[in-house]
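Q: My structure is below; once you've seen it, I'll send some questions.
Numbering (full-length UniProt numbering), first residue to last: 1 to 127.
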């Protein structure tokens, strides 16, 4: 299996070959974020479980956790995740976003995706 990597402008940057394929991943991946500024490994989010992988595609043994135990307040079955900066990760599910503070280990904000992130007809900009 391959995981695709994109930059902030949604341009494809490359792929990561997952060694061992689905046998090493407990669930189908739904979202991936870098775990640190160095980007040496990533957290992969399934439906209810997350796990860590090295950039060469190797799943880190013993890294499997329930999303709810690692990211308090973040729902399962997320659609996407974005590491905004060293302290903030945004999680998206449906039309909702969840702003997670990695230092405080809790959700510090949530709301409707459109008004918070989009402008114009879809968001909150004046017509």
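Positions of the beta carbon are idealized from the N, C-alpha and C atoms, including for glycine.
Computed from a predicted model, the values in this text were never measured in an experiment.
Considering residue 111, what are the terminal residues of the beta strand (DSSP E) in which it resides?
A: First-last of the beta strand (DSSP E) with residue 111: 106 to 112.
Q: Round the Cβ separation of residue 48 and residue 67 to the nearest angstrom and send it over; I've been treating them as touching at under 8 angstroms.
A: About 6 angstroms separates the beta carbons of residue 48 and residue 67, which is inside the 8 angstroms limit, making them a contact pair.
Q: Output the boundary residues of the alpha helix (DSSP H) element that contains residue 67.
A: 67 to 70
Q: In the DSSP assignment, find the unbroken beta strand (DSSP E) run with residue 28 in it and report its ends.
A: No beta strand (DSSP E) contains residue 28, which DSSP labels as neither H nor E.
Q: The ligand ATP and residue 31: does the residue's C-beta get closer than 7 angstroms to at least one heavy atom of that ligand?
A: Of the ligands one can find in the structure shown there are none, so the ligand ATP has no counterpart to examine.
Q: Does any C-beta atom of chain D lie closer than 8 angstroms to the C-beta of residue 70?
A: Of the chains in the structure shown, none is chain D; there is only one protein chain.
Q: Could you tell me whether the Cβ atoms of residue 92 and residue 74 are closer together than 8 angstroms?
A: no
Q: Rounded to the nearest angstrom, how far is the Cβ of residue 105 from that of residue 72, given a contact under 8 angstroms?
A: For a cut-off of 8 angstroms, the C-beta gap from residue 105 to residue 72 is around 6 angstroms, short enough to register as a contact.
Q: Near residue 34, what residues of its chain come up, given a Cβ to Cβ distance below 7 angstroms and the 5 sequence neighbours on each side ignored?
A: 42 and 83
Q: Starting from the C-beta of residue 28, find all residues in its chain whose C-beta is less than 7 angstroms away, skip the five residues before and the five after it, and write them out in chain order.
A: 46
Q: If you reduce the DSSP assignment to three classes, tell me which class residue 11 lands in.
A: coil
Q: Closer than 6 angstroms by C-beta to residue 79: which residues in its own chain qualify, once you throw out the five before and the five after it? Chain order, please.
A: 92 and 93
Q: How many Å lie between residue 59 and residue 70 at the Cα?
A: Using only the alpha carbons, I get a separation of about 17 angstroms.
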